[in-house]
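Trainee: Which chain is which? The protein sequence lines are C and S, in order. With UniProt numbering, letter number 422 in the first sequence gets 422, and the count goes up by one each step, no holes. With UniProt numbering, letter number 62 in the second sequence gets 62, and the count goes up by one each step, no holes.
Number of protein chains: 2
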Amino acid sequence: MRTKPPPSLLSLTIDSAVLNLSDISDLSSIPDHILLDLFLRILRAGKLTEKVLRLFIATGKDEVISLVEALNIRHVLTPVLPTIQGVLKNSEMSQAVINDNEVDIVIGALHADLTTFMNEWKPIFSRFHLIIVKDPDLKEELQIPEGFRADVYSKADIERVVGSSSSIRFSGYSCRYFGFLISRKKYVVCIDDDCVPAKDNAGYLVDAVAQHVSNLQTPATPFFFNTLYDPFRKGADFVRGYPFSLREGVNCAVSCGLWLNMADLDAPTQALKPRQKNVRYVDAVLTVPARALLPMSGINVAFNREAIGPAIGPALRLTGEGKLRWETVEDIWCGMCVKVICDHLGLGVKTGLPYVWRTERGDAVQSLKKEWEGVKLMEDVVPFFQSLKLPQSATTAEVCMVEIAKAVKEQLGKAHPVFSQAAETMVEWVKLWKTVASG
Amino acid sequence: MRTKPPPSLLSLTIDSAVLNLSDISDLSSIPDHILLDLFLRILRAGKLTEKVLRLFIATGKDEVISLVEALNIRHVLTPVLPTIQGVLKNSEMSQAVINDNEVDIVIGALHADLTTFMNEWKPIFSRFHLIIVKDPDLKEELQIPEGFRADVYSKADIERVVGSSSSIRFSGYSCRYFGFLISRKKYVVCIDDDCVPAKDNAGYLVDAVAQHVSNLQTPATPFFFNTLYDPFRKGADFVRGYPFSLREGVNCAVSCGLWLNMADLDAPTQALKPRQKNVRYVDAVLTVPARALLPMSGINVAFNREAIGPAIGPALRLTGEGKLRWETVEDIWCGMCVKVICDHLGLGVKTGLPYVWRTERGDAVQSLKKEWEGVKLMEDVVPFFQSLKLPQSATTAEVCMVEIAKAVKEQLGKAHPVFSQAAETMVEWVKLWKTVASG
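#1: Which residues in the same chain have their Cβ closer than 6 Å to the Cβ of residue 267 of chain C, if we skip the five residues on either side of it in sequence?
#2: 9 Å is my cut-off, CB to CB: does residue 223 of chain C come that close to chain S?
#3: Report the partner residues of residue 465 of chain C according to the DSSP bridge assignment.
#4: Given a limit of 9 Å on CB to CB distance, which residues of the stretch 294–309 of chain S reach chain C?
#5: My understanding is that residue 56 of chain S touches residue 375 of chain C, with C-beta atoms under 8 Å, so please give their C-beta distance in whole angstroms.
#6: Contact criterion: CB-CB distance below 9 Å. Does residue 33 of chain S meet it with respect to chain C?
#7: Ordered along the chain, which non-local residues of its own chain (more than five positions away) have a Cβ less than 7 Å from that of residue 37 of chain S?
#8: With 9 Å as the threshold, decide whether the Cβ of residue 262 of chain C is near any Cβ in chain A.
#9: How about residue 290 of chain C: is its C-beta nearer than 9 Å to some C-beta of chain S?
#10: Quick one: does residue 248 of chain C have its CB under 9 Å from some CB of chain S?
#11: Thinking residue 405 of chain C and residue 423 of chain C are a contact (beta carbons under 8 Å), I'd like their distance in whole angstroms, please.
#12: Please list, in chain order, the chain S residues whose beta carbon lies closer than 9 Å to that of residue 401 of chain C.
#13: Leaving out the 5 sequence neighbours to the left and right, which residues in its chain are closer than 6 Å to residue 263 of chain S when beta-carbon positions are compared?
#14: Less than 8 Å between the CB atoms is what I'm expecting for residue 293 of chain C and residue 385 of chain C, so what's the real figure, rounded?
#15: From the DSSP output, in three-state form, read off residue 111 of chain S for me.
#16: For residue 451 of chain C, which of helix, strand or coil comes out of DSSP?
#17: Let me see if you follow: with CB-CB separation under 9 Å, is residue 280 of chain C close to chain S or not?
#18: Does any C-beta atom of chain C lie closer than 9 Å to the C-beta of residue 7 of chain S?
#19: Helix, strand or coil, according to DSSP, for residue 369 of chain S in the structure here?
#20: Cα separation between residue 237 of chain C and residue 431 of chain C?
#21: Can you confirm whether the stretch 150–160 of chain C touches the stretch 123–142 of chain C when touching is taken to mean that 3 or more C-beta pairs between the two stretches lie within less than 8 Å?
#22: In chain order, what residues of the same chain lie with their CB nearer than 6 Å to the CB of residue 27 of chain C, ignoring the 5 residues before and after it?
#23: Quick one: using the 10 Å Cβ neighbour count with 16 as the cut-off for buried, is residue 33 of chain C buried or exposed?
#24: Per the DSSP calculation, residue 217 of chain C is bridged to which residue(s)?
#25: For the alpha helix (DSSP H) containing residue 269 of chain C, name the first residue and the last one.
#26: Residue 300 of chain C: buried (16+ other C-beta within 10 angstroms of its C-beta) or exposed?
#27: Say whether chain C places a C-beta atom closer than 9 Å to the C-beta of residue 386 of chain S.
#28: Alpha carbon to alpha carbon, what distance is there between residue 21 of chain S and residue 349 of chain C?
#29: Is there a Cβ from chain S that is less than 9 Å from the Cβ of residue 79 of chain C?
#30: Taking residue 382 of chain S as the reference, which of C:212, C:215, C:316, C:241 has the closest Cα?
#31: Just the C-alpha distance for residue 437 of chain S and residue 101 of chain S, rounded to the nearest angstrom, thanks.
#32: Any residues in the stretch 206–230 of chain C with a beta carbon nearer than 9 Å to a beta carbon of chain S? Which ones, in chain order?
#33: Taking Cβ-Cβ distances shorter than 7 Å, what residues in chain S pair up with residue 50 of chain C?
#34: With 7 Å as the C-beta to C-beta threshold (strictly closer), list the residues of the stretch 351–379 of chain S near chain C in chain order.
#35: For residue 382 of chain S, which residues in chain C fall below 7 Å Cβ to Cβ?
#36: Specify the secondary structure class of residue 435 of chain C as computed by DSSP and reduced to three states.
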């Protein structure tokens with residue numbers, strides 16, 4: 001057995017100095033080679049205050065000043081530890097403190113019987129406020145079990161708020177947008193009603209809401225890729241070569257979750273591989289780099305409504321769209337808009353955890369026979385968004401949406417009538433947002 | 001117990017048709033609603049030949065033609081199944097067939113006793129040819145166990161090949177570049193001599209070489225982010241919304257692996273968190289999107305030497321650089337060059353699996369006292385590479401490297417003398433590559 005060597009006299013002296021920091025008013029007598037050790041020991045002990053920092057900087061030693069710069073330690077008005085990403089994040093930031101009053105769960109009810117869905121989610125959802133929006137096409141009465149703080153909105157409620165003259169269609173999966181509109185919370189989490197909580201690799205139930213909120217509360221890093229994924233997760237960090245000036249990150253506006261069991265495939269892929277299931281639980285969250293587009297799925301998503309709310313709205317709607325995810329591209333279009341806007345406004349989009357367990361529904365071969373439009377439209381949609389540049393004058397999500405609508409009308413309008421329709425819906429949505437959501 | 005319902009007559013008829021495909025010469029009599037089912041059944045059975053494809057296209061049915069287009073099925077000269085990414089990949093591509101003669105393992109020996117290192121890697125390395133380059137600064141004789149096909153290169157060999165007039169320094173970690181230069185193989189895998197094989201979440205030994213080669217042999221997808229990570233892995237796929245026209249992907253030129261136990265941190269981070277270990281095995285490979293930079297680590301990396309060889313060379317060398325990874329930025333600089341070049345040439349860079357187990361070595365606090373240059377230089381290096389545009393005329397890795405060297409000299413040369421030196425080394429490296437590697 002290896003026994004630990006006894007501490008050196010120097011080490012004991014430094015420990016003692018850390019303990020008696022308040023008595024030290026001058027560091028000039030401390031030899032250079034001890035100074036850095038002492039500074040690191042203080043940092044690790046979480047004892048760096050404004051006063052102590054001033055003492056170290058007063059030594060004028062290059063090594064210390066470089067370390068202060070590299071770790072992005074700054075003077076602030078209140079005594080404080082080094083920046084979150086430098087020292088504190090592992091112990092604090094990763095365990096996001098969730099304020100129940102800052103979160104709305106929005107559920108678009110495409111099926112009348114929500115009993116199983118709600119009961120499965122009970123351990124996770126019951127502490128939050130729920131906004132359940134009933135698909136206006138759904139005739140039956142909703143069945144919602146007891147034990148939730150839920151507000152339910154039906155066709156009549158939508159019409160009362162939106163008005164009857166609106167051309168925005170909140171039917172099918174788009175009914176969730178009404179929930180986003182009437183929410184008054186900072187964070188919105190939205191999960192399709194054919195999903196139940198997933199389990200992680202260790203067999204534990206995944207708290208999708210906590211993970212989404214943690215993703216949104218910790219910074220995103222879109223300007224440089226970190227090979228160990230989200231540096232703000234417990235146990236992770238920025239790797240060698242990651243510029244210190246970019247380690248502060250930016251606010252995260254969108255958190256895209258994933259799916260176990262039934263993956264979110266398009267109808268042709270699903271039809272071809274009816275038995276393929278997604279079984280790989282990838283234990284990672286990452287920021288999608290700036291200028292890279294992703295297919296944001298509406299199945300399991302969360303966003304900072306205050307930061308980006310109006311950018312998450314209805315727009316593209318296929319003519320033959322049904323009540324199956326693989327028949328829609330509304331969320332994919334929405335994701336293109338929101339990613340371009342986040343890149344423009346300097347906000348982040350994360351993807352990865354949390355997973356949800358997605359159950360089987362529908363027949364992809366039947367969808368194939370019915371609907372091909374969505375897959376084909378993507379060939380125009382992606383190059384459009386890849387080359388889209390928003391004007392510097394667009395500094396809010398609202399203005400960005402109107403600018404995108406303008407560009408859609410000009411550049412895509414001739415390709416297919418659904419694009420002109422999408423542009424009009426976007427403009428109308430922004431108007432509605434200004435009236436309802438800011439009201 | 002649920003019993004499967006008996007097959008329908010229609011289903012049996014289609015099955016029979018699939019079995020007797022060769023007898024069918026005309027599909028015009030088949031009702032529309034059966035045609036698509038039959039086509040899908042043929043695809044799944046892997047029986048789509050050129051002749052059968054022609055039969056289906058001859059029907060002129062929109063549904064079938066759309067499916068052919070969407071799945072990117074093309075006429076080719078030899079009878080063939082639909083494109084790899086459409087159907088075949090899950091059964092074939094993911095299990096990369098590795099030709100031993102296409103792979104060189106390059107080891108930079110910074111330590112004389114390679115016994116443990118080599119023995120640990122024996123199950124994985126022994127079938128491949130090894131190029132072991134001894135750090136020219138290392139005085140002791142190398143100790144290499146039996147059972148390998150290894151060529152060992154020492155200072156004298158380097159001088160004989162490179163010449164004595166060369167200013168390129170192949171010492172320290174840079175000795176591995178000499179191995180890249182003299183390799184004649186398509187793929188090069190390079191792993192630091194303080195790493196041993198890692199185990200995956202199930203406790204199985206990770207075959208890092210097989211994973212690297214699989215990453216390099218399957219396409220990369222830099223132009224659109226796939227939320228289920230590498231779509232070419234077994235069980236994975238392209239998600240809904242991923243444009244079909246981009247599913248073919250591009251050639252992958254670089255595979256960056258990761259590290260368990262000791263992560264690849266810089267000296268300040270390591271000094272601050274001496275006890276932090278990377279314990280999260282993230283079971284994913286992903287393409288780093290085009291125009292996003294990453295800190296490519298030299299610890300565990302592989303590349304397609306034919307595609308990008310000259311772009312992986314020595315350049316930036318810190319004046320106080322030692323024999324510890326956290327004291328170097330040579331690989332980080334190299335990674336910036338190669339990513340910019342891959343983006344320019346339409347090649348892909350992947351990161352993620354395989355992991356290696358990295359053992360402890362050195363004292364980060366001592367490195368902190370000695371060397372700060374690297375961390376500071378990144379603040380100039382990253383913006384430079386982020387804004388770098390290579391001319392359209394640069395169509396090879398060699399020409400791209402010379403163009404980057406030119407820009408480095410012009411734009412960074414004044415900031416610090418190491419940059420001018422890096423630019424000169426890059427030009428000299430390309431010359432050397434042309435003489436030696438293409439010789």
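Cβ atoms here follow ideal geometry from the backbone N, Cα and C, with glycine treated the same way.
Mentor: The short version:
#1: 326, 364, 367, 368
#2: yes
#3: This structure cannot settle anything about residue 465 of chain C, because the visible part of chain C is limited to 1 through 439.
#4: 294, 295, 296, 297
#5: Going by Cβ atoms, the distance from residue 56 of chain S to residue 375 of chain C rounds to 18 Å, so no, they are not a contact pair.
#6: yes
#7: 14
#8: Absent from the structure is chain A; the protein chains it does hold are C and S.
#9: yes
#10: no
#11: 4 Å
#12: Correct list: empty, because the minimum Cβ distance to chain S is about 19 Å.
#13: 278
#14: 6 Å
#15: coil
#16: Any answer about residue 451 of chain C is impossible in this case: the structure gives chain C only from 1 up to 439.
#17: yes
#18: no
#19: helix
#20: 42 Å
#21: yes
#22: 55, 59
#23: exposed
#24: For residue 217 of chain C, which the question treats as bridged, DSSP gives no partner whatsoever.
#25: 267–272
#26: buried
#27: yes
#28: 49 Å
#29: At residue 79 of chain C the pLDDT is 33, less than 50, meaning the model places this residue with poor confidence; the figure from the coordinates comes in the next sentence. Output row for residue 79 of chain C: interface = no.
#30: C:241
#31: 17 Å
#32: 222, 223, 224, 225, 226, 227, 228, 229
#33: What residue 50 of chain C touches in chain S: nothing, since even the nearest Cβ is about 19 Å away.
#34: 351, 365, 368, 369, 372, 375, 378, 379
#35: 224, 243
#36: helix
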